[in-house]
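Following: one structure in structure tokens, then a few remarks.
There are 2 protein chains.
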Amino acid sequence: MATRHPTQRQRIQRPAPMYLQVAQEIAQEIRAGDYQPGDRLPSEAQMVASFGVGKATVRQAIAEVRAMGLIDVHQGKGSIVRGPAVQAVEVDRTIFRTGKKWSVPQPGESEKPTITRTSLDGVPAALLAQPDQDAISVEQMIRDPATDTRMAWRLFIPLSVAASTPVLAEDPAQPIADHYQALAEAGHTLSWEEHVTARTPYPDERSALRLRDTSPLMITYRVTSGTDARPLLCEELRVPATARLRFPLNATKAPAKSRTRKA
Amino acid sequence: MATRHPTQRQRIQRPAPMYLQVAQEIAQEIRAGDYQPGDRLPSEAQMVASFGVGKATVRQAIAEVRAMGLIDVHQGKGSIVRGPAVQAVEVDRTIFRTGKKWSVPQPGESEKPTITRTSLDGVPAALLAQPDQDAISVEQMIRDPATDTRMAWRLFIPLSVAASTPVLAEDPAQPIADHYQALAEAGHTLSWEEHVTARTPYPDERSALRLRDTSPLMITYRVTSGTDARPLLCEELRVPATARLRFPLNATKAPAKSRTRKA
DNA sequence: TATCATTTGTTCGTATGTATC
DNA sequence: CGATACATACGAACAAATGAT
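Chains A and B, in that order, are what the protein sequence lines are. First residue of the first sequence? That's 1158 in our numbering, and the numbers climb one at a time after it. First residue of the second sequence? That's 1158 in our numbering, and the numbers climb one at a time after it.
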């Protein structure tokens, strides 16, 4: 009781951890232009001396700055300041239609696809609304030569859909636009929706997609639906978060019962 | 020379770092069901003993498992196994139209907006194609009470647009659908596109959005364009990557010169 | 309410391995 | 080959949060 001063209790403010302070200091110096893109930051040992903190603190600080995307760190070389020139790859998610033909932008060169049979699980299963079902899976790595960006594409064709539209199963690895056309010719009125999320990549994804540092991973699921909004196909695309996904948006006719806007 | 066996040079394979091995082991045990959602993992000290490695190694391993999204870590409590029940908040990015009125889904409750004047910079500046220009900025925090998810919304109205359509500047904080309507009434034929990216959040964003652990941040920019595809407005929405953004997609009439599909 | 044991968070120091130049 | 720099790993200590006593 006597040891606590009520007037102080409001204002207490603990200092941020030292590693965060150091990180902020480094980030500030970079943004201020003290280091130009391409420059090397002082070595860890030098920072230990100049900041007067331990090595673990410096390393944690550098990890933060790297997570901010301001530097690249290379063993044996040092920490290199990134330029804003890290141009974002733009991945166009538009679906084009010319008469009865469909086409989708191709963001790079594709490697040869792998066709397997898998059980539906996780998000694709939920989006396809068909749990406990198997699907034909087509996997393909896509590489954009201009920026050396790698993307992982995967198509899920539920077996029930392959059964009712056998042409899909005949050549699962054909261009996706041909799948769209086949479904349309089978009498479906197609519509699409896309779901985007992001997460920290797993170690194997980091190496497969050549992800540098702590860059997150964007994952987008495109669901192709037919008549009665029945989901038919699910495409998954995983891209480094250095990219930007582009969606064209059209206004949709509101349902009869229009949504009320909350406060 | 004599110390190197040429026949070995092809097969060398360094073992993975111990912290990754430990992380994989923990992740495997979780996925195998050895620990149920809600269970506490063994404490760091116990792992140090059971794995026979140092504390720093265990901590790095736990950081990996946490980055995989398998556990939540709380100081003083321990590491809690997450359930797959971490339902993703779905943020619907549809734009609805009823006759001459627009509406957009409201993902939660809004706090009171802050109106400032800023200079356009970074992605919004590039998307609005109007560098070296000022803009009216409206900032607002949105909270989804069901999942306690926070989102940061921001609107940029370039001064040139505010000048040619003064009604926008009169009440910048009005519902965004009213801005759309005002622009339509001013003679614009509206269209939208949305750009999505992700990155590691800054420390201040982590606290403002109450981000747990190492969850990345998704950022989406919605650009409203008028006649002649002239960009008019830019909305920025930052949401935790635990959310899913949902876009409806309509096929777009292909331009006269249809895109050729590369190999 | 206050205390205490447990658990994670932060920080230091030191040593060794590996990549780069 | 050697010097430099980052990566990994160990040990130790104290701070801060949590939950039970």
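Glycine is no exception: its CB is placed at the ideal position from the N, C-alpha and C atoms.
For Thr1275 of chain A and Arg1401 of chain B, which I take to be in contact (beta-carbon distance under 8 angstroms), what is that distance rounded to the nearest angstrom?
Mapped onto the first sequence, residue 1275 of chain A falls at position 118. Mapped onto the second sequence, residue 1401 of chain B falls at position 244. Rounded, the Cβ-Cβ distance is 22 angstroms, inconsistent with contact.
If you measure beta-carbon to beta-carbon, which residues of the region 1345-1361 of chain A are closer than 7 angstroms to chain B?
Answer set for the region 1345-1361 of chain A: Trp1349, Glu1350, Glu1351, His1352, Val1353, Thr1354, Ala1355, Arg1356, Thr1357, Tyr1359 and Pro1360.
Going by the beta-carbon positions, is the gap between Leu1366 of chain B and Ala1398 of chain B smaller than 8 angstroms?
What you label residue 1366 of chain B is simply residue 209 of the second sequence in a count that begins at 1. What you label residue 1398 of chain B is simply residue 241 of the second sequence in a count that begins at 1. Result no, Cβ atoms of Leu1366 of chain B and Ala1398 of chain B do not sit closer than 8 angstroms.
Using only the alpha-carbon positions, how far apart do Ala1218 of chain A and Arg1254 of chain B sit?
Working through the first sequence from its first residue, we reach residue 1218 of chain A at position 61. Working through the second sequence from its first residue, we reach residue 1254 of chain B at position 97. Taking the straight line from one Cα to the other gives about 49 angstroms.
Given this structure, state the Cα-to-Cα distance separating Pro1405 of chain B from Ser1260 of chain B, to the nearest angstrom.
Position 248 of the second sequence holds residue 1405 of chain B. Position 103 of the second sequence holds residue 1260 of chain B. Each residue's alpha carbon lies about 15 angstroms from the other.
Closer than 8 angstroms by C-beta to Arg1239 of chain B: which residues in its own chain qualify, once you throw out the five before and the five after it? Chain order, please.
Translated into positions along the second sequence, residue 1239 of chain B becomes position 82. Excluding residues within five positions, the ones whose Cβ falls inside 8 angstroms are Pro1194, Gly1226, Leu1227, Ile1228 and Asp1229.
So the alpha helix (DSSP H) Leu1316 of chain A belongs to, where does it begin and stop?
By 1-based counting over the first sequence, the position of residue 1316 of chain A is 159. Counting along the chain, the alpha helix (DSSP H) containing Leu1316 of chain A begins and ends at Leu1316 to Ser1321.
Straight-line CA distance for Ala1330 of chain A to Val1280 of chain A?
Residue numbering aside, residue 1330 of chain A sits at position 173 when the first sequence is read from its first letter. Residue numbering aside, residue 1280 of chain A sits at position 123 when the first sequence is read from its first letter. The alpha-carbon atoms of Ala1330 of chain A and Val1280 of chain A are separated by roughly 22 angstroms.
In angstroms, rounded to a whole number, what distance separates the CA positions of Gly1265 of chain B and Ala1189 of chain B?
As a first step, residue 1265 of chain B must be located in the second sequence, where it is residue number 108. As a first step, residue 1189 of chain B must be located in the second sequence, where it is residue number 32. In a straight line, the C-alpha of Gly1265 of chain B is about 36 angstroms away from that of Ala1189 of chain B.
Would you check if there are 3 or more beta carbon pairs closer than 8 angstroms linking the region 1336-1347 of chain B to the region 1382-1389 of chain B?
These segments touch.
DSSP beta-bridge partners for Ser1348 of chain B?
If you number the second sequence from 1, residue 1348 of chain B lands on position 191. Answer is B:Ser1382.
Please report the distance separating the alpha-carbon of Ser1236 of chain B from that of Ser1207 of chain B.
Your numbering for residue 1236 of chain B matches position 79 in the second sequence. Your numbering for residue 1207 of chain B matches position 50 in the second sequence. Their Cα atoms are separated by approximately 16 angstroms.
Check distances from the C-beta atoms of the region 1218-1248 of chain B to those of chain A and list, in chain order, the residues that come in under 7 angstroms.
Those would be Ala1224, Met1225, Gly1226 and Ala1245, in chain order.
Under three-state DSSP, which class holds Gly1235 of chain B?
For the purposes of this step, residue 1235 of chain B is identified with residue 78 of the second sequence, where counting begins at 1. Three-state DSSP puts Gly1235 of chain B in a strand.
One question on the structure: do Leu1394 of chain B and Met1308 of chain B come within less than 8 angstroms of each other, judged by their Cβ atoms?
Taking the second sequence and counting its residues from 1, the one referred to as residue 1394 of chain B is at position 237. Taking the second sequence and counting its residues from 1, the one referred to as residue 1308 of chain B is at position 151. Contact flag set, yes.
Can you tell me whether Met1158 of chain B is buried or exposed? The criterion is at least 16 other CB atoms within 10 Å of its CB, across all chains shown.
In the second sequence, residue 1158 of chain B corresponds to position 1, counting from 1. Note that Met1158 of chain B scores 36 on pLDDT, short of 50, meaning its location in the model is unreliable; the coordinates nonetheless yield the value given after this. Exposed is the call here.
What does DSSP give as the partner residue(s) for Arg1216 of chain A in the beta ladder?
What you label residue 1216 of chain A is simply residue 59 of the first sequence in a count that begins at 1. Answer is none; Arg1216 of chain A lacks a bridge partner.
Check Leu1198 of chain B in the structure and name its three-state DSSP category.
In the second sequence, residue 1198 of chain B corresponds to position 41, counting from 1. In the structure shown, Leu1198 of chain B sits in coil (DSSP, three-state: anything other than H, G, I, E or B).
Following the continuous alpha helix (DSSP H) through Asp1335 of chain B, name the residue where it begins and the one where it ends.
Taking the second sequence and counting its residues from 1, one reaches residue 1335 of chain B at position 178. Ile1333 to Glu1342 is the extent of the alpha helix (DSSP H) around Asp1335 of chain B.
Please list the terminal residues of the continuous alpha helix (DSSP H) segment that includes Met1175 of chain B.
Within the second sequence, numbered from 1, the residue matching residue 1175 of chain B stands at position 18. Looking at the DSSP string, the run of the alpha helix (DSSP H) that includes Met1175 of chain B is Met1175 to Ala1189.
His1336 of chain B and Tyr1378 of chain B: beta carbons closer than 8 angstroms?
On the second sequence, position 179 is the one that residue 1336 of chain B refers to. On the second sequence, position 221 is the one that residue 1378 of chain B refers to. In this structure, Tyr1378 of chain B does not lie closer than 8 angstroms to His1336 of chain B by Cβ.
Considering only the alpha carbon of each residue, which of A:Pro1270, A:Val1295 and A:Phe1313 lies closest to Ala1282 of chain A?
Residue 1282 of chain A sits at position 125 when you count from the first residue of the first sequence. The residue with the shortest Cα to Cα distance from Ala1282 of chain A is A:Phe1313.
Between Phe1404 of chain B and chain A, is any beta-carbon pair separated by less than 8 angstroms?
Working through the second sequence from its first residue, we reach residue 1404 of chain B at position 247. Yes - at least one Cβ of chain A is within 8 angstroms of the one on Phe1404 of chain B.
Between Arg1403 of chain B and Val1246 of chain B, how many whole angstroms is the CB-CB distance? I'm expecting something under 8 angstroms.
Along the second sequence, read from residue 1 onward, the residue named residue 1403 of chain B stands at position 246. Along the second sequence, read from residue 1 onward, the residue named residue 1246 of chain B stands at position 89. 10 angstroms between Cβ atoms; not a contact.
When you check each C-beta in the region 1204-1215 of chain A against every C-beta of chain B, which residues fall closer than 9 angstroms?
Against chain B - using a Cβ distance shorter than 9 angstroms - the residues of the region 1204-1215 of chain A are Ala1213.
Taking its Cβ as the centre, do 16 or more other Cβ atoms sit within 10 Å of Arg1250 of chain A, making it buried, or is it exposed?
Here the question's residue 1250 of chain A lines up with position 93 in the first sequence. Buried, by the Cβ-count rule.
For Lys1410 of chain A, which residues in the same chain have their Cβ closer than 7 angstroms to its Cβ, ignoring the five residues on either side in sequence?
Along the first sequence, one-based indexing puts residue 1410 of chain A at 253. Cβ within range, chain order: n/a, list empty.
If you measure from the beta carbon of Leu1368 of chain B to each beta carbon in chain A, is any gap under 8 angstroms?
Here residue 1368 of chain B refers to the residue found at position 211 when the second sequence is read from its first residue. No, Leu1368 of chain B lies away from the interface with chain A (no Cβ there is under 8 angstroms from its Cβ).
Do you know offhand how far Gln1185 of chain A's Cα is from Glu1221 of chain B's?
Taking the first residue of the first sequence as position 1, residue 1185 of chain A is located at position 28. Taking the first residue of the second sequence as position 1, residue 1221 of chain B is located at position 64. Answer to the nearest angstrom: the Cα atoms are 28 angstroms apart.
Buried or exposed: Glu1392 of chain B, going by 16 or more other Cβ atoms within 10 Å of its Cβ?
In the second sequence, counting from the first residue as 1, residue 1392 of chain B sits at position 235. Glu1392 of chain B should be labelled buried.
Give the DSSP-derived three-state secondary structure of Leu1394 of chain B in the structure shown.
As a working mapping, residue 1394 of chain B is identified with position 237 in the second sequence. Correct three-state label for Leu1394 of chain B: strand.
Which residues in the same chain have their Cβ closer than 7 angstroms to the Cβ of Met1175 of chain B, if we skip the five residues on either side of it in sequence?
Translated into the one-based positions of the second sequence, residue 1175 of chain B becomes position 18. Only Val1210 and Thr1214 meet the Cβ criterion.
Nearest to Lys1269 of chain A by CA position, among A:Lys1234, A:Arg1300, A:Asp1191 and A:Gln1232, is which residue?
The residue given as residue 1269 of chain A occupies position 112 in the first sequence. Taking only the C-alpha atoms, the option nearest Lys1269 of chain A is A:Arg1300.
With distances taken Cα to Cα, identify the nearest neighbour of Ser1267 of chain A among A:Arg1311, A:Asp1328, A:Ile1252 and A:Pro1360.
The count along the first sequence starts at 1 and reaches residue 1267 of chain A at position 110. Taking only the C-alpha atoms, the option nearest Ser1267 of chain A is A:Arg1311.
In three-state terms, what does DSSP make of Leu1312 of chain A?
One-based indexing of the first sequence puts residue 1312 of chain A at position 155. Here Leu1312 of chain A sits in strand by DSSP.
At least one CB of chain A closer than 8 angstroms to the CB of Leu1177 of chain B: is that the case?
Translated into positions along the second sequence, residue 1177 of chain B becomes position 20. Yes, Leu1177 of chain B lies at the interface with chain A (some Cβ there is under 8 angstroms from its Cβ).
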